[in-house]
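Chemist: Sharing a structure below in structure tokens format, with a few things to ask.
Number of protein chains: 2
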Amino acid sequence: MHQNLLAYINQHAASPLTNDEEALIVAAFRPKKLRKKQYFLEEGYVCKYVGFIVKGAMRQYSVDDKGVEHIVHLYIENYWASDRESAVMLTPTRYNIDAWEDTELLVATVADMLDLIEKVPSFGQMTRLMDQRSFIVSQRRLNSTISNSAEKRYEEFADNHPQFIQRFPQHLIASFLGITKETLSRIRKQASK
Amino acid sequence: MHQNLLAYINQHAASPLTNDEEALIVAAFRPKKLRKKQYFLEEGYVCKYVGFIVKGAMRQYSVDDKGVEHIVHLYIENYWASDRESAVMLTPTRYNIDAWEDTELLVATVADMLDLIEKVPSFGQMTRLMDQRSFIVSQRRLNSTISNSAEKRYEEFADNHPQFIQRFPQHLIASFLGITKETLSRIRKQASK
DNA sequence: AAAAAGCGTTGATATTTATCAACGCTTTTA
DNA sequence: TAAAAGCGTTGATAAATATCAACGCTTTTT
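Going down the list, the sequences are from chains A and B.
Following the UniProt record's numbering, the numbering of the first sequence begins with 1 at its first residue and continues without gaps.
Following the UniProt record's numbering, the numbering of the second sequence begins with 1 at its first residue and continues without gaps.
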């Protein structure tokens, strides 16, 4: 179960983990299973855990005044689920994270993560890379959102993330793109002609 | 000139810089002045520098097929200007960064930054914090963009970043928010009633 | 096996936002 | 100091997108 995580870390660090380092990591991450729809994080709580997805799919979303959900993240295998804002600032989160499919996670506390970053150089490198990548992805998405029409945004997304298109229903993709499910339905109809 | 930067780093690290560490940092960062409208980074080039703004204001933007500029970042004193995507992935940037006002920068190469992160723990901590914050800010903005109307987005922005409202003209703010200058003008007119 | 919930689609209509053109005012440039 | 460029505003109109309601189909729940 932890093999996925260890392999992932090695892939994103300069040098491979030693046995001792592996032991530290395995000790920090506990397996956890979530059934479809179960929460990993609920609005109003401070995010104290970080989850590495071994198998399954999750989503992160906010709920507005009208009760409408807005998807801010979709996660599948080898993604990290957590609300960084809440975890870093120690403020109550504005988001919910729940399982879209039955999901297997490896979960560490934010405190243990900080500890590992200090003690295991490769782990520090990996998280730094993750931080940078998250930012880059977020940045691209933002640029796409302020620059492009809904149609172009969908095309771009479908081209770059076909796995998500297959895995999540259209109404979640629509929400992720910041449009309604009806509009996405019409965009797809147009595009298929 | 370097005092601003050193103070900034100390503010964002666990322990203060030693004299040796300060020397390393000062050696890596060279002062640079940009006149209004001069480029710091131009589309198509790989981003090889990172700039810390000591005085002045800058903007980062993309230009679409129709020649329309889309502001992705506005920078003022104590902000870091660069395109992380290009610097990290070593790909040509899609953005331009130029001076909106006459600006004084401290500039380091990306290579020197990486070197400092290794050699100076406080510097590493500071950059890690910056990465996290950038992501958080980007995340919030994204959430606001997919969840809120133009009007609400403007209100939120004006509340949270009054300095920017004062410092940059309305048409840049509009572009930053992903709306046209005419729409922003009308939103403001409405709001003032 | 029946009922309920989830999903995608379509039509009719309303709302939001963009586009285009023009104007007055201020600041910068020549 | 004259001309040009930059900026914000307004009006008329067009385009993009949302909203509301309904329907058929599939999957899940009872």
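Cβ coordinates follow ideal geometry from the N, Cα and C atoms, glycine included.
Answer with yes or no whether the minimum CB distance from Gln132(B) to chain A is below 9 Å.
Modeler: yes
Chemist: So with CB distances below 9 Å, who are the chain B contacts of Gln170(A)?
Modeler: Neighbourhood of Gln170(A) in chain B, by CB distance below 9 Å: empty, with the nearest CB roughly 16 Å away.
Chemist: Got a sec, what are the start and stop residues for the alpha helix (DSSP H) Asp112(A) sits in?
Modeler: It spans Val110 to Lys119 - the alpha helix (DSSP H) in which Asp112(A) sits, taken as one unbroken run.
Chemist: Measure the beta-carbon distance from Arg141(B) to Ala57(B) and round it to whole angstroms, keeping in mind my assumption that it falls under 8 Å.
Modeler: The Cβ separation is near 19 Å, so there is no contact.
Chemist: Please confirm whether Ala111(B) and Lys152(B) have their CB atoms less than 9 Å apart.
Modeler: Between Ala111(B) and Lys152(B), the gap from beta carbon to beta carbon reaches 9 Å or more.
Chemist: Quick one: what does DSSP say Asn96(A) is sitting in, helix, strand or coil?
Modeler: Strand at Asn96(A).
Chemist: Evaluate contact between the segment 75-84 of chain B and the segment 22-39 of chain B, counting only Cβ atoms and requiring at least three cross-stretch pairs below 8 Å.
Modeler: No, the segment 75-84 of chain B does not touch the segment 22-39 of chain B.
Chemist: Which value, in whole angstroms, describes the spacing of the CA atoms of Pro162(B) and Val63(A)?
Modeler: 27 Å
Chemist: Using only CA atoms, which one of Met113(A), Val137(A), Glu101(A) and Thr127(A) lies nearest to Glu85(B)?
Modeler: Val137(A)
Chemist: On the DSSP bridge list, what partners appear for Arg30(B)?
Modeler: Per DSSP, Val107(B).
Chemist: Check whether the segment 98-114 of chain B touches the segment 35-51 of chain B, taking contact to mean three or more Cβ pairs, one atom from each stretch, closer than 8 Å.
Modeler: yes
Chemist: Out of Glu104(B), Leu105(B) and Gln125(B), which one is the CA nearest neighbour of Leu114(B)?
Modeler: Gln125(B)
Chemist: Using the three-state DSSP reduction, which class does Gln38(A) fall into: helix, strand or coil?
Modeler: coil
Chemist: Which partner residues does Ala81(B) have in the DSSP bridge list?
Modeler: Here Ala81(B) is bridged, per DSSP, to Gly51(B).
Chemist: Does the distance from the CB of Thr145(A) to the CB of Ile146(B) come in under 9 Å?
Modeler: yes
Chemist: Hey, could you find the ends of the beta strand (DSSP E) Leu177(B) is sitting in?
Modeler: Counting along the chain, Leu177(B) falls outside any beta strand (DSSP E), though it belongs to the alpha helix (DSSP H) covering Gln170 to Leu177.
Chemist: Out of Ile53(A), Asp159(A) and Ala99(A), state which residue places its alpha-carbon closest to the alpha-carbon of Asn6(A).
Modeler: Correcting the residue identity first, residue 6(A) is Leu in this sequence and not Asn. Of the candidates Ile53(A), Asp159(A) and Ala99(A), the one whose C-alpha sits nearest the C-alpha of Leu6(A) is Ile53(A).
Chemist: For Asp26(B), decide whether its Cβ has a neighbour in chain A, counting only Cβ atoms nearer than 9 Å.
Modeler: The amino acid occupying residue 26(B) in the given sequence is Val; Asp does not appear at that position. Chain A contact via Cβ: absent.
Chemist: Once DSSP output is grouped into helix, strand and coil, what is the label at Glu101(A)?
Modeler: If DSSP states are grouped into helix, strand and coil, Glu101(A) belongs with coil.
Chemist: Ignore the nearest five residues each way along the sequence and tell me which others in Val120(A)'s own chain have a CB closer than 8 Å to its CB.
Modeler: Leu17, Glu21, Leu24 and Ile25
Chemist: Please confirm if His70(A) has its CB atom under 9 Å from at least one CB of chain B.
Modeler: yes
Chemist: Quick one: what's got a C-beta closer than 7 Å to Met130(B)'s C-beta in the same chain, skipping five residues either side?
Modeler: Trp80
Chemist: Check whether the Cβ atoms of Ile173(A) and Ala150(A) lie closer than 9 Å to each other.
Modeler: no
Chemist: Can you find a C-beta in chain A that's less than 9 Å from the C-beta of Gly67(B)?
Modeler: no
Chemist: Checking 9 Å against the spacing of the C-beta atoms, do Thr187(A) and Tyr154(A) come in under that value?
Modeler: The sequence as given places Ile at residue 187(A); Thr does not occur at that position. Their beta carbons are under 9 Å apart, which means Ile187(A) touches Tyr154(A) by this criterion.
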